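Engineer: Supplied in structure tokens, the structure appears directly below.
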């Protein structure tokens, strides 16, 4: 599984990587060096790279992170254009992916930055809307348990 | 096309070669190095008494195009380079517009392909417009062939920004090349701060203005892992820092110019010679001695010219108003041969390392060796030619050399780029 984007400032990463490790995944984080935190191994990923294209053919799932559209002055990369060229999941990168590789994203998406619409809406690859639906169910279950539910919730 | 170079003393430390032999070139590559070589059809050149070395590379040159074509352009600058014995130069990005995007990189490459008399390796800016505030599109420039990144002429003032530059560049296989100058210390400095500045009554450019940034950038090299190449180092202490960084195992290299090796602040007399106004400034005799020691002991990786052409009307002004810089492409080799090789400070093999092997390695260029399979970029030197540096002989548009009138021994006579002659008997091949 590859996680691509702002590893330094990502809350998603903090829980996603340990969760993926519990599930037995091999995790690779992919980002420009300016978005990789110091001593990145602390996060628990198996490998780190800035060369997206070199690892993309090996990935079963590509988890794209949202890029903050911050002020470009002092930004960790030169332009959204260059970010998209080097780290965006563009239509051209489709041919580098395994035929059954899937695309995840925590949402909301910056179309044209980390994900091209072609990829975000890809009928076979994109599971982003499934993630959203699953997120609702997980939140419902968590709230039910926190509010005192003890049964499986279905009978109630 | 075949080319047979006969009877030259061929010197290449990369393959342990130093003997009189023949070199056979076919289709731009060396196919054989040996004795009594012959071929059926092609051009044979007798180079008896000459020295043949891998083509020289000057990794710090201002070709001034686009934007400052009155000073120099890619046509005249590469002619000067070939005249001086070089087969390749690395062009600095402080042009107008600044080479800070792929369009600029492609422009310089295209002009060089059209009018160049040597290869032109393109370096890109680290920050947009050399302003030190926004990262330049280094990834796009790298993809279009930029081989190194530098804010030469300015330096990146903010340490945090420099960290970002080096961190970002570390994902590519290339060096960041800082021009080390802390503006808050250098201010309007004109000459080395000390005896010279007080004697001439001019603002000083202190050694510390350079050394602090060398120290900073070595620290950032340690932090980011980005290969660092310190440009035109001029002080003994700065060089010592590089020596220690290398001993520590950091990917740090450095370069010096002939003018910082062979001229000192003492040469700036009360005629206020603006040709000697350079940045960083000429330092003390003690510094120059330390640099020469570094050239001999291996601390210095490359000798470069920092060829910085200016028009006469720009230089023929009050010292404070004249721009910094001097030209060097057409004198560098002879200065090194006269002052370092003839005197025994270094041998030819070391000269080849400093002016051909290491510059290519630092710029991640394919090595050129006097061995079968290598690209035939070659420089032929007449080691005994004695000549006097004269303004009229320069092919550069500019004449702002600090060495006019110098009597030198040794000169490039023939230059081949990819097997094609660019210079024959000291004359450019049109």
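Residue numbers (my numbering), protein chains in the order written: chain A, 1 to 156; chain B, 157 to 586. For every residue, glycine included, the Cβ atom is placed at its ideal position computed from N, Cα and C. Note that this is a predicted model, so its numbers are computed, not measured.
#1: Using a Cβ distance threshold of 8 Å, determine whether the stretch 570-577 of chain B contacts the stretch 496-507 of chain B, with at least three qualifying pairs required.
#2: One question on the structure: do residue 417 of chain B and residue 448 of chain B come within less than 8 Å of each other, judged by their Cβ atoms?
#3: So with CB distances below 7 Å, who are the chain B contacts of residue 239 of chain A?
#4: Only counting runs of 3 or more residues, tell me where the beta strand (DSSP E) segments fall wholly within the stretch 177-247 of chain B, in order along the chain.
#5: What whole-angstrom Cβ distance do residue 522 of chain B and residue 458 of chain B have, given they're in contact under 8 Å?
#6: Between which two residues does the alpha helix (DSSP H) harbouring residue 382 of chain B extend?
#7: In whole angstroms, what is the alpha-carbon distance linking residue 163 of chain B and residue 206 of chain B?
#8: Under the DSSP definition of a beta bridge, which residues are partnered with residue 576 of chain B?
#9: Would you tell me roughly how many angstroms separate the C-alpha atoms of residue 211 of chain B and residue 488 of chain B, rounded to the nearest one?
#10: Are the C-beta of residue 160 of chain B and some C-beta of chain A separated by less than 8 Å?
#11: Under 8 Å between the Cβ atoms of residue 350 of chain B and residue 440 of chain B?
#12: Any C-beta of chain B within less than 8 Å: which residues of the stretch 48-70 of chain A qualify?
#13: Any beta carbon of chain A sitting closer than 8 Å to that of residue 291 of chain B?
#14: Could you pull the start and end residues of the alpha helix (DSSP H) that residue 165 of chain B belongs to?
#15: For residue 305 of chain B, which of helix, strand or coil comes out of DSSP?
#16: How many angstroms separate the CA atom of residue 137 of chain A from the CA atom of residue 87 of chain A?
#17: Is the beta carbon of residue 332 of chain B sitting closer than 8 Å to the one on residue 354 of chain B?
#18: Residue 82 of chain A touches chain B at which residues, Cβ-Cβ below 7 Å?
#19: With DSSP as the reference, label residue 84 of chain A as helix, strand or coil.
#20: Return the first residue and the last residue of the alpha helix (DSSP H) that residue 515 of chain B is part of.
#21: Report yes or no: is there a C-beta of chain A within less than 8 Å of the C-beta of residue 313 of chain B?
#22: Tell me which residue opens and which closes the beta strand (DSSP E) that residue 539 of chain B is part of.
#23: By the 9 Å beta-carbon criterion, what residues does the stretch 93-119 of chain A contribute toward chain B?
#24: Which two residues bound the contiguous alpha helix (DSSP H) that contains residue 36 of chain A?
#25: Near residue 352 of chain B, which residues of its chain fall below 7 Å by C-beta distance, leaving aside the five closest residues on each side in sequence?
#26: Determine, using beta carbons only, whether residue 464 of chain B and residue 218 of chain B come nearer to each other than 8 Å.
#27: Using CA atoms only, rank isn't needed, just tell me which of A/83, A/58, A/17 and A/47 is closest to residue 295 of chain B.
#28: Output yes if chain B places a C-beta closer than 8 Å to the C-beta of residue 78 of chain A; else output no.
#29: Count the C-beta pairs between the stretch 479-487 of chain B and the stretch 544-562 of chain B that are closer than 8 Å, then say yes if the count reaches three, no if not.
#30: Decide yes or no for the touch test of the stretch 467-479 of chain B against the stretch 535-544 of chain B: beta carbon pairs closer than 8 Å, at least 3 of them.
#31: With respect to the alpha helix (DSSP H) encompassing residue 324 of chain B, which residues constitute its N-terminal and C-terminal limits?
#32: Taking the beta strand (DSSP E) that residue 61 of chain A falls in, what are its first and last residues?
#33: Do residue 256 of chain B and residue 280 of chain B come within 8 Å of each other at the CB atom, strictly closer than that value?
#34: Below 9 Å on C-beta distance, what does residue 346 of chain B contact in chain A?
#35: Between which residues of its own chain and residue 359 of chain B is the CB-CB distance below 6 Å, once the five residues before and five after are set aside?
#36: Taking 8 Å as the CB-CB limit, is residue 1 of chain A close to chain B?
Structural biologist: A quick look at the data gives this:
#1: no
#2: Numbered from 1 along the second chain, position 261 holds the residue referred to as residue 417 of chain B. Numbered from 1 along the second chain, position 292 holds the residue referred to as residue 448 of chain B. A contact, by the Cβ cut-off of 8 Å.
#3: The first residue shown for chain A is 1 and the last is 156, placing residue 239 of chain A beyond what the model contains.
#4: 185-190, 199-202, 207-210, 212-217 and 242-247
#5: The residue given as residue 522 of chain B occupies position 366 in the second chain. The residue given as residue 458 of chain B occupies position 302 in the second chain. Wrong, their Cβ atoms sit about 17 Å apart, outside the cutoff.
#6: Locating residue 382 of chain B in the second chain gives position 226, counting from the first residue. Unbroken run through residue 382 of chain B: none, as it is neither H nor E.
#7: For the purposes of this step, residue 163 of chain B is identified with residue 7 of the second chain, where counting begins at 1. For the purposes of this step, residue 206 of chain B is identified with residue 50 of the second chain, where counting begins at 1. Between residue 163 of chain B and residue 206 of chain B, the C-alpha separation is close to 8 Å.
#8: The sequence position of residue 576 of chain B within the second chain is 420, counting from 1. DSSP output for residue 576 of chain B lists B/573 as bridge partner(s).
#9: Against the second chain, residue 211 of chain B aligns to sequence position 55. Against the second chain, residue 488 of chain B aligns to sequence position 332. Answer to the nearest angstrom: the Cα atoms are 14 Å apart.
#10: Sequence index remark: in the second chain, residue 160 of chain B carries index 4 (1-based). Not an interface residue.
#11: Taking the first residue of the second chain as 1, we reach residue 350 of chain B at position 194. Taking the first residue of the second chain as 1, we reach residue 440 of chain B at position 284. Yes, they are a contact pair.
#12: 50 and 51
#13: Mapped onto the second chain, residue 291 of chain B falls at position 135. Yes - at least one Cβ of chain A is within 8 Å of the one on residue 291 of chain B.
#14: To locate residue 165 of chain B, count along the second chain from 1; it is residue 9. Element bounds for residue 165 of chain B: not the alpha helix (DSSP H) but the beta strand (DSSP E), 158-168.
#15: Locating residue 305 of chain B in the second chain gives position 149, where the first residue counts as 1. Three-state result, residue 305 of chain B: strand.
#16: For this step, residue 137 of chain A is matched to residue 137 along the first chain. For this step, residue 87 of chain A is matched to residue 87 along the first chain. About 31 Å.
#17: Counted from its first residue, the second chain places residue 332 of chain B at position 176. Counted from its first residue, the second chain places residue 354 of chain B at position 198. For residue 332 of chain B and residue 354 of chain B, no; Cβs fall outside 8 Å.
#18: Taking the first chain and counting its residues from 1, one reaches residue 82 of chain A at position 82. Near residue 82 of chain A (Cβ distances below 7 Å), the residues of chain B are 293, 295 and 296.
#19: The residue you call residue 84 of chain A lines up with position 84 of the first chain. Reduced to three states, the DSSP call for residue 84 of chain A is helix.
#20: Position 359 of the second chain, counted from the start, is the residue given in the question as residue 515 of chain B. Its alpha helix (DSSP H) spans residues 514-518.
#21: On the second chain, residue 313 of chain B is found 157 positions in, with the first residue counted as 1. With 8 Å as the cut-off, residue 313 of chain B does not count as an interface residue toward chain A.
#22: The residue given as residue 539 of chain B occupies position 383 in the second chain. Element bounds for residue 539 of chain B: 534-544.
#23: none
#24: The residue you call residue 36 of chain A lines up with position 36 of the first chain. Careful: residue 36 of chain A lies outside any alpha helix (DSSP H) and carries neither H nor E.
#25: What you label residue 352 of chain B is simply residue 196 of the second chain in a count that begins at 1. Closer than 7 Å at the Cβ level, and outside the excluded window around residue 352 of chain B, lie 421 and 424.
#26: The residue you call residue 464 of chain B lines up with position 308 of the second chain. The residue you call residue 218 of chain B lines up with position 62 of the second chain. Cβ distance < 8 Å, so residue 464 of chain B and residue 218 of chain B count as in contact.
#27: As a working note, residue 295 of chain B is residue 139 in the second chain. Ranking the options by Cα distance to residue 295 of chain B, first place goes to A/83.
#28: In the first chain, residue 78 of chain A corresponds to position 78, counting from 1. Taking Cβ atoms only, chain B reaches closer than 8 Å to residue 78 of chain A, which makes this a yes.
#29: yes
#30: no
#31: The residue given as residue 324 of chain B occupies position 168 in the second chain. Element bounds for residue 324 of chain B: 315-325.
#32: Position 61 of the first chain, counting from 1, holds the residue named residue 61 of chain A. First-last of the beta strand (DSSP E) with residue 61 of chain A: 61-64.
#33: Position 124 of the second chain, counted from the first residue, corresponds to residue 280 of chain B. Position 100 of the second chain, counted from the first residue, corresponds to residue 256 of chain B. Yes. Within cutoff.
#34: Along the second chain, read from residue 1 onward, the residue named residue 346 of chain B stands at position 190. Per Cβ cutoff of 9 Å: no residues; residue 346 of chain B is ~32 Å from chain A at best.
#35: Counted from its first residue, the second chain places residue 359 of chain B at position 203. Cβ neighbours of residue 359 of chain B beyond the five flanking positions: 344, 345 and 346.
#36: Residue mapping note: residue 1 of chain A aligns to position 1 of the first chain, counting from 1. Not closer than 8 Å to any Cβ of chain B, the Cβ of residue 1 of chain A fails to qualify, so no.
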